[in-house]
Amino acid sequence: MTAFLPGVELARLFYTEAVRPLLGDLPHAAARLGPGSDVLGFDTPRSTDHDWGPRLELFVDDDIGGLGAMLSEQLPKRFRGWSTHFEPPGARVRSMADTDGPVDHYVTITPFPSFCRSLLGFDPAEGIDTLDWLGTPWQRLAELTGGAVFHDPSGAISRVRESLRGYPADVWRYVLAAQWQRIAEEEAFPARASEAGDERGARVITARLCREVARLSLLQSRRWPPYSKWLMAAIPPDNVAWHLTAALRADDARSREESLCAALEAVAEKQNELGLAAELPPTRREFHDRGYEVIGGDRFAEALRDAVTDPALRSRPLTGSIDQISDNTALLTSPPTCRAVITAAGGP
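So for the sequence shown, full-length UniProt numbering puts the first residue at 1; every next one is plus one.
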């Protein structure tokens with residue numbers, strides 16, 4: 001079997017050794033960006049069964065002419081032991097396969113602005129407004145800022161990637177406020193479900209809260225939370241991750257509550273350290289007079305919202321970004337739909 005190596009490294013070698021020599025003096029940029037576990041650094045040998053292999057994005061300014069056909073004819077049929085031919089042709093999901101003819105390669109050839117518009121719904125080089133930020137899924141932002149750039153003579157790709165590394169301060173405050181609010185809405189529910197004898201319900205709600213805390217922790221660290229398959233893998237092995245793991249493993253209400261509160265206290269401390277809003281006691285408290293312990297996520301939501309300086313953003317309902325409104329895949333993979341939902345969720 002061919003030895004596995006990370007897909008981004010394979011793409012770098014494929015560009016340098018196989019694609020670049022065929023391009024002559026053609027002005028271009030090259031990278032491995034967009035969808036794929038390799039772009040996020042989570043690919044493993046299992047990933048090689050589809051949409052993985054010698055592939056990359058080739059960015060040209062204008063007419064690509066017969067470039068794609070030329071690569072089909074002149075690229076080697078295998079590179080570093082991996083097939084450069086993918087089947088079925090033109091399908092949404094493609095896999096490496098052998099061929100006796102020209103290779104149906106996985107070199108995406110497109111102008112970079114068009115690539116951005118397809119992925120994000122806008123061209124960041126023309127400016128990024130509040131609708132752009134709130135209407136773009138975190139996964140898409142991760143796909144454009146992840147991966148690697150192999151050739152960028154004008155610096156255009158690098159500038160766009162840098163502009164998308166994290167939210168501007170006010171948008172950051174607003175999205176963090178919405179995330180704290182999501183936690184506030186359910187943080188007392190695991191204890192209540194357990195008290196009512198519904199241990200399965202308590203476990204489900206605990207898992208939901210762990211998801212929200214994980215996303216909050218990544219947002220605080222200016223890292224785009226990936227979609228569910230990779231979310232927990234993206235959390236660094238710190239005390240937040242440790243407490244979330246303990247909460248998911250807990251077999252009783254008290255242990256579950258203790259671990260969740262410890263994780264929430266950790267992200268509350270991190271919130272204070274960021275200096276984005278008024279500092280608040282990062283400690284748990286009783287939920288009304290029921291004896292349940294919670295962090296009081298609404299406190300942090302309110303403080304962050306109060307610190308927003310943009311009047312339009314400050315008056316916006318705490319519906320948050322598109323990921324905080326819905327996790328529906330059909331919606332999140334349609335930029336026009338995302339933007340329409342964000343516009344509708346902005347209130348009158």
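Note that CB positions come from ideal geometry on N, CA and C, so glycine has one too.
Closest residue to residue i among the options (Cα-Cα distance)
i      : options                        : result
Tyr15  : Ser326, Ala330, His105, Leu164 : His105
Ala278 : Thr44, Ala307, Ile183, Leu141  : Ala307
Thr206 : Arg249, Tyr227, Trp230         : Arg249
Asp327 : Pro137, Asp298, Pro190         : Pro137
Val60  : Thr108, Thr99, Glu73           : Thr108
Leu40  : Pro88, Met232, Ala97, Leu134   : Met232
Leu280 : Asp289, Ile295, Phe287, Glu286 : Ile295
Arg339 : Ile322, Thr329, Gly347, Ala330 : Ile322
Leu23  : Ala69, Ser47, Thr245           : Ala69
Arg12  : Gln139, Leu131, Gln74, Ala148  : Ala148
Arg208 : Gly197, Arg173, Glu195, Ala247 : Ala247
Val267 : Ala312, Ser221, Pro226         : Ser221
Ala169 : Ala214, Leu276, Arg140         : Leu276
Ala18  : Leu75, Ala31, Ala29, Pro45     : Leu75
In DSSP terms, what residue i is bridged to
i           : result
Leu280      : Its beta-bridge partners do not exist; DSSP assigns none.
residue 411 : Absent from the model: residue 411. The displayed extent of the chain is 1 to 348, so no value can be given.
Val341      : According to DSSP, which records beta bridges pairwise, Val341 is partnered with nothing at all.
Arg285      : Val294
Ser95       : Glu87
Arg78       : Ser83
Host alpha helix (DSSP H) of residue i (start-end)
i           : result
Val171      : 169–186
Phe300      : 297–307
Arg20       : 20–23
Phe115      : 112–120
His243      : 239–249
Pro311      : 311–314
Glu212      : 199–220
Ala193      : 189–195
Ser154      : From DSSP, Ser154 is part of no alpha helix (DSSP H); its letter is neither H nor E.
Ser47       : Looking at the DSSP string, Ser47 is not in any alpha helix (DSSP H), and its letter there is neither H nor E.
Leu332      : 329–332
residue 364 : An answer regarding residue 364 cannot be provided, because it is not within the stretch 1 to 348 covered by the chain.
Thr130      : 130–135
Same chain, Cβ closer than 7 Å to residue i, neighbours up to 5 away in sequence not counted
i      : result
Arg314 : Arg305, Val308
Ala301 : Ala177, Trp180, Gln181, Ala184, Leu318
Tyr167 : Trp133, Val175
Leu110 : According to the sequence as given, residue 110 is Thr; it is not Leu. Hits under 7 Å: Phe59.
Phe42  : Trp230, Ala233
Leu119 : Gly34, Arg140, Glu143, Leu144
Thr329 : none
Cys210 : Leu244, Ala247, Leu248
Nearest-angstrom Cα separation, counted from residue j out to residue i
i      : j      : result
Gly81  : Ile157 : 30 Å
Leu164 : Leu218 : 15 Å
Phe112 : Glu186 : 42 Å
Lys270 : Phe150 : 35 Å
Thr337 : Ser154 : 33 Å
Gly127 : Asp289 : 50 Å
Gly65  : Leu26  : 12 Å
Arg223 : Ala234 : 9 Å
Lys229 : Ser37  : 10 Å
Gly320 : Pro35  : 24 Å
Thr343 : Val171 : 15 Å
Pro236 : Leu144 : 21 Å
Pro89  : Leu56  : 16 Å
Gly146 : Leu33  : 7 Å
Asp238 : Gly201 : 27 Å
Close-in-space but distant-in-sequence residues of the same chain around residue i (CB under 8 Å, 5 per side omitted)
i      : result
Val93  : His50, Asp51
Thr2   : Arg80, Gly81, Trp82
Lys77  : Ser83, Thr84, His85, Asp98, Thr99, Val103
Ser72  : Pro102, Val103, Asp104, His105
Asn272 : Glu279, Leu280, Pro282
Residue span of the beta strand (DSSP E) that contains residue i, given as start and end
i      : result
Arg254 : Note, Arg254: premise wrong, no beta strand (DSSP E); alpha helix (DSSP H) at 253–274.
Phe4   : Taken as a continuous stretch (DSSP letters only), Phe4 belongs to no beta strand (DSSP E), as it is neither H nor E.
Ala148 : 148–151
Ala29  : 29–32
Own chain partners of residue i with C-beta closer than 6 Å, once the 5 adjacent residues on each side are dropped
i      : result
Gln324 : Ala178
Arg284 : Cys261, Glu293, Ile295
Glu257 : Ala191, Glu293
Phe189 : Ile205
Leu264 : Ile295
Asp298 : Ala184
Arg161 : Thr145
heavy atom of the ligand GTP below 7 Å from residue i C-beta
i      : result
Leu304 : Judged by which ligands are present, the structure shown has none, so any question about the ligand GTP falls away.
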